[in-house]
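In what follows, a structure is listed as structure tokens, so that the remarks can point back to it.
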Amino acid sequence: MTAIDRPVRVRIAPSPTGDPHVGTAYIGLINYCFAKHHGGKFVLRIEDTDQSRCTPQSAQAIYDSMKWLGLNYDEGPDVGGDCGPYVQSERVKLNIYRRYADQLLAQGDAYHCFCSARDLESMKARQRANNEPIMYDRRHRGMDPAEAAARVAAGEAYVIRMKTPLDGDFVYKDRLRKQPTVKAWKDIDDQVLLKSDGWPTYHLAAVVDDHLMGISHVIRAEEWLNSLPKHIWLNERLGFTPPEYVHVGLLRNADKSKISKRKNPTNLLWYRQQGYLPAALLNFLATLGHSHPDGLEKFSLDDLVRVFELDRINVTGPVFDMAKLKHLQGQWFRELPKADMIAEIHRAIDARVDTLLPLLQERMVFGGDFLAQAEPFYAETVTHHVDDLIPKGWDKDQSRVMLDDLQRALKQYIAGENAVWDAPSLEAFMRGLITDRSQAPATGATPEQEAAAKQWQPKTVFMLLRAGATGRRESPPLFDTLAAIGSARVLERLGSAQQKLR
RNA sequence: GCUCCCGUCAUCUAGAGGCCUAGGAUACCGGAUUUUCAUUCCGGCGACACGGGUUCGAAUCCCGUCGGGAGUACCA
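Note that the working numbering has the first sequence beginning at 129, numbered continuously upward.
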């Protein structure tokens with residue numbers, strides 16, 4: 129069932145949609161280590177068979193981030209190799225997949241399906257209503273091939289589906305799992321192999337390419353486990369020796385759901401831009417799935433390669449814990465050779481200069497002023513001085529009440545439909561708020577209400593906002609400043625300013 | 001709904017029937033060092049999901065329950 133004596137060749141096959149993903153790095157790391165440990169090859173293949181979602185820029189970002197991490201692939205789109213092209217859209221043009229679809233058709237292992245999107249939609253709706261499994265009902269499976277050919281010839285739109293067995297069980301032992309995976313064939317969908325645009329789906333393309341590229345082991349995320357029967361079956365019907373398939377756990381959010389950008393930074397470019405060191409990120413990712421046999425927590429990529437064992441990989445999806453990443457990052461950073469550390473510092477400053485210099489330059493006298501003046505814009509926290517937070521003639525309580533009110537108002541603003549956190553919008557909002565708050569009720573206002581309304585003077589409110597958001601009395605124009613600091617941080621700082629007045 | 005996978009401290013994990021009174025790391029809490037902070041060092045808190053088996057003996061094997069996750073696309 130598995131190919132044991134083949135040279136080790138593994139791959140990662142990301143889809144170039146959106147930003148390069150930390151999950152790709154995770155799976156890439158495991159594949160890289162496995163390949164290198166066994167003296168094999170690590171291949172990068174781009175799976176861009178979804179013409180509507182894939183972009184060349186995204187593919188480029190994948191190459192860049194893999195290289196940044198040092199997960200250097202031996203073969204790939206931009207480095208070449210004997211099994212190219214390594215981009216599936218280019219292989220589509222070579223008619224590679226069509227050929228195999230035709231073979232399956234000729235063998236009676238695939239068939240034409242003429243269902244429209246609407247047909248499938250109503251079918252699903254019915255199944256849902258009846259609490260039935262949601263899958264293609266195989267309505268065209270029994271169609272006479274001659275009739276199908278005629279409809280195709282007449283120009284009717286079609287897809288090609290796989291004709292999987294209807295009875296018996298599929299059994300496969302994943303080396304990382306205790307029990308073999310058993311699935312009844314009747315529960316397995318007649319998956320589309322060739323779409324109506326003539327392009328292959330993942331299932332066909334991946335199986336064909338893994339074979340053509342001599343892939344010995346497919347180490348991939350758990351989300352693929354459900355389609356494993358289809359992939360093994362395709363290999364067999366196509367006459368291939370299947371690679372060994374191994375499924376590893378999915379990276380998780382703190383709530384255990386599959387990692388997502390709403391709940392975690394998933395963009396590799398972000399880590400790079402934040403100053404995370406490849407060694408630290410890789411080290412962290414490694415501890416998530418593969419423990420070091422000597423109990424080490426900090427180790428390099430080369431060390432990992434040396435001790436890597438596929439059977440040590442964990443199948444339970446690990447929670448992505450930023451705190452631990454940060455700890456490792458600190459360890460690696462502090463050990464940097466001086467020159468490298470300086471380079472990192474320069475990089476961090478340069479990144480600020482571009483965005484902040486326009487704001488600060490008017491107030492600068494020396495180059496060094498930049499450092500001090502830029503500080504409130506990126507500091508984790510600022511220290512407030514009580515005096516700065518109490519306008520002349522006010523008392524602590526009055527200040528605190530207003531800070532509270534300002535936070536509330538801003539929170540509400542952010543939650544608004546079309547809220548934009550930029551200088552003009554903020555200014556408009558704040559001026560509106562002041563106008564509004566400075567009106568005491570027209571009739572029957574209590575003296576307290578009148579006094580409170582009187583406090584809403586632009587000059588005073590703006591100063592309080594400035595001091596609250598920056599911890600200082602001087603800053604670039606207030607609304608530019610607030611915009612540059614960002615909503616979350618502004619709110620957080622106003623909160624701590626308020627605390628200071630207790 | 002249906003199918004499949006998984007289940008050791010809050011989190012990442014060690015653990016392959018007796019070395020387990022369950023070890024390490026992060027986080028958290030304390031202490032020492034440091035003018036402060038950070039680093040470093042020391043200490044503390046803290047888990048085998050539950051119930052049945054199998055066995056002289058179970059975190060480790062089996063079954064059930066519960067819990068979590070994934071898949072269910074002409075996306076990958």
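The beta-carbon is built from N, C-alpha and C at its ideal position, and this holds for glycine as well.
Since residue i contacts residue j with CB under 8 Å, what's their CB separation in whole angstroms?
i	j	result
residue 172	residue 212	At roughly 11 Å, the Cβ-Cβ gap does not stay under 8 Å, so residue 172 and residue 212 are not in contact.
residue 297	residue 375	Actually they do not touch by this definition, with Cβ atoms about 19 Å apart.
residue 629	residue 517	6 Å
residue 356	residue 286	That belief does not hold up - the Cβ atoms of residue 356 and residue 286 are roughly 27 Å apart, past 8 Å.
residue 333	residue 177	5 Å
residue 565	residue 581	7 Å
residue 325	residue 179	7 Å
residue 381	residue 389	Wrong, their Cβ atoms sit about 10 Å apart, outside the cutoff.
Output yes or no for whether 8 Å exceeds the beta carbon distance between residue i and residue j.
i	j	result
residue 291	residue 237	yes
residue 338	residue 371	yes
residue 216	residue 174	yes
residue 266	residue 318	yes
residue 158	residue 441	yes
residue 446	residue 379	yes
residue 328	residue 313	no
residue 239	residue 276	yes
residue 269	residue 321	no
residue 610	residue 595	no
residue 603	residue 542	no
residue 242	residue 181	no
residue 426	residue 402	no
residue 624	residue 509	yes
residue 199	residue 365	no
residue 532	residue 626	yes
residue 480	residue 506	yes
residue 498	residue 488	yes
residue 150	residue 394	yes
Might you give, ordered along the chain, the residues of its own chain that have their beta carbon closer than 6 Å to the beta carbon of residue i, omitting 5 neighbours on each side?
i	result
residue 330	none
residue 137	168, 169, 342, 343, 344
residue 639	Here the chain comprises residues numbered 129 to 630, so residue 639 is not present and cannot be evaluated.
residue 359	335
residue 438	162
residue 264	317, 318
residue 362	335
Ignore the nearest five residues each way along the sequence and tell me which others in residue i's own chain have a CB closer than 8 Å to its CB.
i	result
residue 186	144, 145, 146, 147, 148
residue 452	412, 415
residue 353	302, 309, 375
residue 135	168, 169, 342, 344
residue 464	405, 472
residue 574	none
Which one of the options has the shortest CA to CA distance from residue i?
i	options	result
residue 550	612, 377, 317	612
residue 377	155, 603, 619	155
residue 503	484, 513, 493	484
residue 608	546, 221, 552, 247	552
residue 398	134, 140, 189	189
residue 606	512, 587, 620, 623	587
residue 197	604, 410, 571, 161	410
residue 424	456, 366, 235	456
residue 418	152, 133, 161, 139	161
residue 478	438, 219, 495, 591	495
residue 408	462, 487, 232	462
residue 306	580, 591, 575, 444	444
residue 519	578, 592, 340, 326	592
residue 272	234, 259, 295	234
residue 387	326, 368, 449, 363	449
residue 631	311, 583, 574	In the structure displayed, the chain extends from 129 to 630; residue 631 sits before or after that span and is not available.
residue 142	214, 393, 390	214
residue 515	252, 133, 527, 488	527
residue 184	282, 206, 506, 493	206
residue 589	544, 529, 539	529
residue 536	573, 493, 249, 618	618
Leaving out five residues on either side along the sequence, give the residues of the same chain with a beta carbon under 7 Å from the beta carbon of residue i.
i	result
residue 631	Shown here, the chain extends from 129 to 630; a query on residue 631 therefore has no answer.
residue 140	152, 155, 156, 159, 172
residue 348	155, 375
Exercise. Which ranges does the alpha helix (DSSP H) cover as unbroken runs of at least 4 residues, wholly within the segment 320-393, from first to last along the chain?
Worked result: As summarised for the segment 320-393, the continuous alpha helix (DSSP H) elements at least 4 residues long and confined to that stretch are 330-340, 356-365, given in chain order.
For this session: Would you list, in sequence order, the uninterrupted alpha helix (DSSP H) runs of no fewer than 4 residues that lie entirely inside the segment 167-247?
Result: When DSSP assignments are scanned along the segment 167-247, the uninterrupted stretches of alpha helix (DSSP H) that are 4 or more residues long and fall wholly within it turn out to be 184-197, 216-221, 224-235.
For this session: Only counting runs of 3 or more residues, tell me where the beta strand (DSSP E) segments fall wholly within the segment 258-315, in order along the chain.
Result: Segments of the beta strand (DSSP E) lying fully in the segment 258-315: 287-290, 297-300, 309-312.
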